[in-house]
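Take the sequence shown: its letter number 239 is residue 739 in the numbering used here, and every next letter is one higher. Note that beta-carbon positions come from the ideal geometry of N, C-alpha and C, so glycine has one too. None of these values were measured; they are calculated from a predicted model. Since the structure comes first, as structure tokens, the remarks are kept for the end.
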Amino acid sequence: MRERGPTVGAVCAVMAAALMWSSSYAVTKKVLDDVGPLSIGAVRFTLAAILLGVLVRLGRRRPARPDARQRRELYLSGFLGITVYFVLENVGVDLSTASDASLIVATYPLMTMLVELVAFRTRMPLPRVAGVLLAATGAFLVVRNGAEVGGSSRWLGDVLLLLGGLAWAGYNVLGKRASAGQDAASVTYYQTLAGAAGFVLASLLEAGDWQIPGATASILLAYLAVACSVGGFLLYNYGLRRMASSVAVNILNLVPVFGVIGAIVINGESIRLAQVTGGVIIIAGVALGMIERRQGTTAKPNMERNEPSGTATARTTVKAGPMPDGPEAGVPGSWV
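Here you go:
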């Protein structure tokens, strides 16, 4: 019997999630004019934790509460994948550009593969090795372009964004173990709760600069929390239930493309040939690294999530690693 492909609605839902997560970089860059990078994270993830808590408690089926060990690991993964990662991302975007961030985060799934290789001693097939090398080459072009155009400040921002990828990879590896037996919404709630708490403490470092944000910044902060951290997650999981995870992963390759478009439209950034070339090479490397996974999957709907902005909400079961600000198909589905 021939397998049915994903519905139009499912594809549109995942594309909408990718669009929301990719926009988080340009939106964050805009909010940084009024609010510090640590304070942005505190507001964004506190609001997201409240919304997710309400969703979990209003759900038709209340999942069993994680045991003490799982809660510790979920809190630790949330601190690593939300507080540590988004501190590096927000500060990196502040020093660099939204377009650089959008392109660099495309390397994160392959960073997760490398961390899994070290942590679990898994074998890496040749196409995946080639994909890692291609993506690394593309990232080098993006970072080098940043150093040439923006000097040491932009170069440092790009490096912080790359370090954020390692934090994201560690989050995925730890979250994969901690999420056993739990549903995506519950896992996301516990992780976001820990990440928000870490951000609230970190934001105290900016207490001397606190001020009431303007109307535009307030609306954009609400967008980051509601759309990027919660809405994208819900849309992604709606689509993921109706398609193979490998199809969802491929759609998420649109995140860096949408992100660059957002940087141009929202922030008026200009894109140079070196950035475009680096971005194309990164996406080619990610696609190459997924070849074996695509061949090995079926079209059976996968309940696992794939994670923004930035972005972003829940990143639990991981196989390739989520895209920050969005869940993975087999990657963290956060992109909180």
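Helix, strand or coil for residue i? Go by DSSP, reduced to three states.
i: W655; result: helix
i: S596; result: coil
i: T841; result: Absent from the structure is residue 841, since the part of the chain shown begins at 501 and ends at 836.
i: D709; result: helix
i: M743; result: coil
i: G785; result: helix
i: L603; result: helix
i: E769; result: coil
i: Q682; result: coil
i: V700; result: helix
i: V535; result: coil
i: G675; result: helix
i: P625; result: coil
i: R557; result: helix
i: G778; result: helix
i: A564; result: coil
i: G714; result: coil
i: S809; result: Unreliable placement is indicated for S809, whose pLDDT of 37 sits below 50; no coordinate value is reported for it.
i: A814; result: Legend: pLDDT at A814 = 34, less than 50; position of this residue unreliable, value from coordinates given subsequently. Looking at A814 - three-state DSSP - the assignment turns out to be coil, as it is neither helix nor strand.
i: S834; result: With a pLDDT of only 39 at S834, under 50, the local geometry of the prediction cannot be trusted, and no value is derived from it.
Please classify residue i as buried or exposed, where buried requires at least 16 other C-beta atoms within 10 Å of its C-beta.
i: W710; result: exposed
i: F620; result: exposed
i: V514; result: buried
i: A707; result: exposed
i: N802; result: A caution first: N802 carries a pLDDT of 39, below 50, which makes its placement in the model too unreliable to give a value.
i: S770; result: exposed
i: I582; result: buried
i: G768; result: exposed
i: L751; result: It is worth fixing the name first, because residue 751 is Ile in this sequence and not Leu. Buried, because 16 or more other Cβ atoms sit within 10 Å of the Cβ of I751.
i: L558; result: exposed
i: A715; result: exposed
i: P837; result: Residue 837 is absent from the model: the chain starts at 501 and stops at 836.
i: L705; result: exposed
i: V543; result: buried
i: D658; result: buried
i: T565; result: Per the sequence presented here, residue 565 reads as Arg, with Thr not at that position. By the 10 Å Cβ count, R565 comes out exposed.
i: A722; result: exposed
For residue i versus residue j, is the C-beta distance shorter than 7 Å?
i: V527; j: L720; result: yes
i: L603; j: G670; result: no
i: Y736; j: G665; result: no
i: L634; j: A510; result: no
i: A548; j: A725; result: yes
i: T688; j: F545; result: no
i: V786; j: A606; result: yes
i: L656; j: L595; result: yes
i: L788; j: G638; result: no
i: A717; j: V593; result: no
i: A601; j: L661; result: yes
i: N645; j: R772; result: yes
i: S523; j: G695; result: no
i: V642; j: Q775; result: yes
i: A678; j: V584; result: no
i: L519; j: F758; result: yes
i: G553; j: F586; result: no
i: R742; j: T507; result: yes
i: V755; j: W521; result: yes
i: V556; j: S686; result: yes
(request) Evaluate the contact criterion for the stretch 534-549 versus the stretch 777-789: three or more CB pairs, one atom per stretch, below 8 Å. (result) no
(request) Could you tell me whether the stretch 571-578 touches the stretch 716-732, using the rule of 3 or more Cβ pairs below 8 Å? (result) no
(request) Please confirm if the stretch 673-690 is in contact with the stretch 611-620, defined as three or more CB-CB distances below 8 Å between the two stretches. (result) yes
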